[in-house]
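Visitor: Under our numbering, the first residue of the sequence shown is numbered 609, with each subsequent residue one higher.
Before anything else, here's the structure in question.
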Amino acid sequence: MIDIHSHILPGIDDGAETLENGVELARELAAQGVTDIIATPHFIDETIYASPKRENLKLLDDLRQELSRENVEVNVYLGNELYINKKIDEMIVFNRVSSLNDSQYLLIELPMSGEYPGYEDVFKDLMNANYKVVLAHPERYTAAQEDFSVLERLHEMGVLLQCNTGSFVKHYGKHAEKVAVRLAKEKMIFALGSDIHHARGGNEITLALKKLRKYYTEDELEEILDKNPRTIIERQ
């Protein structure tokens, strides 16, 4: 599996606190079959979660070196989980933030409760600028839990949907699980992410994949586990 959403870079958001924590999280993911991880620290402009790309690249290099020393066999790349902002394109141009592995794919987060005014227009503008918008954990948003057609509309627009593995095992509650299962049934998922912030005991992904096999054939599952996210890794 390629994990396109994680918080394993240390000390810059609410994820891994230290380099050792980052290695621990990567080891936990690798033990469950994750081969590649995109580190996606939060970027929320004008908050404490706004570590610039140059600093994140240094942390990525430190993490890669430590993973090699600890013999954790997993590839790690850089991205950001970008909180919705009308200036995302500008922030990328000026190297303040990272797309996913310097590809055209952008991992974007919406407010959990309520809607960001004009967010569809932001998505359209980014797609018109040849970016590919990946919506982080759509199953967790209150608006989507109350009205599934919100996600159907975004999917029809061309927005790609990234589900969290934890949603399939009630990590975020029954409402998120219900939406995640419906997304799986309707084959609307583009890729998966652990969204890992802290150690979870080591079997969440395994249990999620067991559940997903109820709705996907092995070939279909391979698309969301590897084929689709590999287009990000390979910048296709």
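Where a beta carbon is used, it is the ideal one built from N, C-alpha and C, also for glycine.
Report the option in Asp697, Glu654, Asn693, Tyr739 whose CA atom is closest to the CA atom of proline 725.
Guide: Counted from its first residue, the sequence shown places residue 725 at position 117. Selected option, being the one with the closest Cα: Asn693.
Visitor: What residue from Glu723, Gln640, Ser659, Leu800 has the CA that sits closest to alanine 752's CA?
Guide: On the sequence shown, residue 752 is found 144 positions in, with the first residue counted as 1. When only C-alpha atoms are compared, the closest one is Glu723.
Visitor: Assign aspartate 611 to buried or exposed, taking buried as 16 or more other Cβ atoms, counted over all protein chains shown, within 10 Å of its Cβ.
Guide: Taking the sequence shown and counting its residues from 1, one reaches residue 611 at position 3. Flag for aspartate 611 reads buried.
Visitor: If you draw a straight line from the alpha carbon of glycine 810 to that of lysine 782, how long is it in whole angstroms?
Guide: As a first step, residue 810 must be located in the sequence shown, where it is residue number 202. As a first step, residue 782 must be located in the sequence shown, where it is residue number 174. Whole-angstrom Cα-Cα distance: 21 angstroms.
Visitor: Give a yes or no on contact between the stretch 669-686 and the stretch 727-745, applying the rule of three or more CB pairs nearer than 8 angstroms.
Guide: The stretch 669-686 is not in contact with the stretch 727-745.
Visitor: Any idea which residues DSSP pairs alanine 647 with across the strands?
Guide: Here residue 647 corresponds to residue number 39 of the sequence shown, with the count starting at 1. Partner(s): Ser614, Leu686.
Visitor: Can you find the residues in the same chain that come closer than 6 angstroms, C-beta to C-beta, to glycine 623, ignoring five residues on each side of it along the sequence?
Guide: The residue you call residue 623 lines up with position 15 of the sequence shown. Around glycine 623: His615, His805.
Visitor: Between the stretch 684-699 and the stretch 639-646, are three or more C-beta pairs nearer than 8 angstroms?
Guide: Yes: at least three Cβ pairs fall under 8 angstroms.
Visitor: Going by DSSP, name the residue or residues bridged to glutamine 770.
Guide: Position 162 of the sequence shown holds residue 770. Answer by DSSP bridge pairing, in chain order: Ala744, Ala799.
Visitor: Which residues in the same chain as valine 742 place their Cβ atom closer than 6 angstroms to its Cβ, once the five residues preceding and following it in sequence are excluded?
Guide: On the sequence shown, residue 742 is found 134 positions in, with the first residue counted as 1. Counting only Cβ-Cβ distances below 6 angstroms, and skipping sequence neighbours, we find Tyr713, Leu715, Leu768, Gln770.
Visitor: If we count Cβ pairs, one from each stretch, closer than 8 angstroms, do we get three or more for the stretch 654-673 versus the stretch 694-711?
Guide: Yes, the stretch 654-673 is in contact with the stretch 694-711.
Visitor: Going by C-alpha to C-alpha distance, which of Tyr691, Lys835, Leu815 sits closest to glutamate 654?
Guide: As a working note, residue 654 is residue 46 in the sequence shown. Checked all of Tyr691, Lys835, Leu815; the closest Cα to glutamate 654 is Tyr691.
Visitor: Does the Cβ of alanine 807 have 16 or more other Cβ atoms within 10 Å, making it buried, or fewer, making it exposed?
Guide: By 1-based counting over the sequence shown, the position of residue 807 is 199. Exposed, because fewer than 16 other Cβ atoms sit within 10 Å of the Cβ of alanine 807.
Visitor: Mind checking which residues open and close the alpha helix (DSSP H) that includes leucine 627?
Guide: On the sequence shown, residue 627 is found 19 positions in, with the first residue counted as 1. Counting along the chain, the alpha helix (DSSP H) containing leucine 627 begins and ends at 627-639.
Visitor: The beta strand (DSSP E) spanning leucine 714 covers which residue range?
Guide: If you number the sequence shown from 1, residue 714 lands on position 106. From DSSP, the beta strand (DSSP E) with leucine 714 extends over 713-717.
Visitor: Need the endpoints of the alpha helix (DSSP H) that methionine 699 sits in, please.
Guide: As a first step, residue 699 must be located in the sequence shown, where it is residue number 91. From DSSP, the alpha helix (DSSP H) with methionine 699 extends over 696-701.
Visitor: For tyrosine 691, which three-state DSSP category applies?
Guide: Along the sequence shown, read from residue 1 onward, the residue named residue 691 stands at position 83. In the structure shown, tyrosine 691 sits in a strand (DSSP, three-state: E or B).
Visitor: Can you round the beta-carbon distance between aspartate 670 and leucine 627 to whole angstroms, since I take them to be within the 8 angstroms contact cut?
Guide: Your numbering for residue 670 matches position 62 in the sequence shown. Your numbering for residue 627 matches position 19 in the sequence shown. Sure, about 6 angstroms apart at Cβ, within 8 angstroms.
Visitor: Name the DSSP beta bridge partners of isoleucine 841, please?
Guide: The residue you call residue 841 lines up with position 233 of the sequence shown. In DSSP, isoleucine 841 forms no bridge with anything.
Visitor: Between Met765, Arg748, Ile652, which has its C-alpha nearest glycine 774's C-alpha?
Guide: For the purposes of this step, residue 774 is identified with residue 166 of the sequence shown, where counting begins at 1. Selected option, being the one with the closest Cα: Arg748.
Visitor: How far does the alpha helix (DSSP H) with phenylalanine 756 in it reach, from first residue to last?
Guide: By 1-based counting over the sequence shown, the position of residue 756 is 148. No alpha helix (DSSP H) contains phenylalanine 756, which DSSP labels as neither H nor E.
Visitor: In whole angstroms, what separates the C-alpha of arginine 821 from that of leucine 829?
Guide: Within the sequence shown, the letter at position 213 stands for residue 821. Within the sequence shown, the letter at position 221 stands for residue 829. Arginine 821 and leucine 829: Cα-Cα distance of roughly 7 angstroms.
Visitor: Expressed to the nearest angstrom, what Euclidean distance is found between the alpha-carbon atoms of methionine 765 and valine 758?
Guide: Taking the first residue of the sequence shown as 1, we reach residue 765 at position 157. Taking the first residue of the sequence shown as 1, we reach residue 758 at position 150. Computed Cα separation, rounded: 11 angstroms.
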